[in-house]
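K.L.:
Converting from the sequence shown to the working numbering requires adding 7 to each position, the first position being numbered 1.
C-beta: ideal position from N, C-alpha, C; glycine also.
No experiment lies behind these values; they were computed from the predicted model shown.
Handing you this structure, nothing more for now.
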Amino acid sequence: MAEYVLVLNAGYEFLNVTSLHRAIKLLYKGKAEVLEIRPDREIHSPSVTIDMPSIIRLLYYIVSPFREVPLTKKNVLIRDRHNCQYCGKKGNTVDHILPRSRGGKDVWTNCVCACGHCNTGKNNRTPAEADMKLLRKPKKPMYITWFLMKWDIGLLNWNKYL
Numbered sequence: 008m009a010e011y012v013l014v015l016n017a018g019y020e021f022l023n024v025t026s027l028h029r030a031i032k033l034l035y036k037g038k039a040e041v042l043e044i045r046p047d048r049e050i051h052s053p054s055v056t057i058d059m060p061s062i063i064r065l066l067y068y069i070v071s072p073f074r075e076v077p078l079t080k081k082n083v084l085i086r087d088r089h090n091c092q093y094c095g096k097k098g099n100t101v102d103h104i105l106p107r108s109r110g111g112k113d114v115w116t117n118c119v120c121a122c123g124h125c126n127t128g129k130n131n132r133t134p135a136e137a138d139m140k141l142l143r144k145p146k147k148p149m150y151i152t153w154f155l156m157k158w159d160i161g162l163l164n165w166n167k168y169l
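Shown next as structure tokens:
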């Protein structure tokens, strides 16, 4: 069961994404209700057939802490959609705008996706010193925006709940 289900809090705010297996457990125990189903998708057991849930809502409220997107290589690449921020081609490395050796920090506003060619060409310099321009100023992603990019929910019916 590699399917995923959007979980909303009792007040209809986004809580998390869970596995189909966990969502069915929450439904079976009466802790959640189905808000949306996947069309033409069913789950079969020997005695029961149910529609596959796409979005569920908990029937009780959970206090959710403020969420921050952790700064990782994978998350920087997701934020920049794997596009080199210097030339626009496909990128798979992370470049520090102000190099760490020169006091640059590991923060969202100092890290960008770069292709190997641009990252090597920039070397241990700032973009101005390397005569390179950023296509986009980097910023810290908001959790929901990052979530949408990470899960690429274009094909799912989650948009109206997020």
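Helix, strand or coil for R143? Go by DSSP, reduced to three states.
P.N.:
R143 falls in the coil class under three-state DSSP.
K.L.:
Would you report the Cα separation of Y67 and R132, rounded to the nearest angstrom?
P.N.:
In a straight line, the C-alpha of Y67 is about 53 Å away from that of R132.
K.L.:
Alpha carbon to alpha carbon, how far is V14 from L34?
P.N.:
Rounded to the nearest angstrom, the two C-alpha atoms are 11 Å apart.
K.L.:
Where does the unbroken alpha helix (DSSP H) through C125 begin, and where does it stop?
P.N.:
G123 to K129 is the extent of the alpha helix (DSSP H) around C125.
K.L.:
With distances taken between CB atoms, is the gap from S61 to V24 smaller than 8 Å?
P.N.:
No; because the gap between Cβ atoms is not below 8 Å, this pair is not in contact.
K.L.:
So, at 7 Å on beta carbons, what are the nonlocal neighbours of S108 in its own chain, with the 5 sequence-adjacent residues on each side left out?
P.N.:
Excluding positions up to five away in sequence, the list reads N131.
K.L.:
Could you tell me which residues DSSP puts in a beta bridge with D102?
P.N.:
Paired residues: V119.
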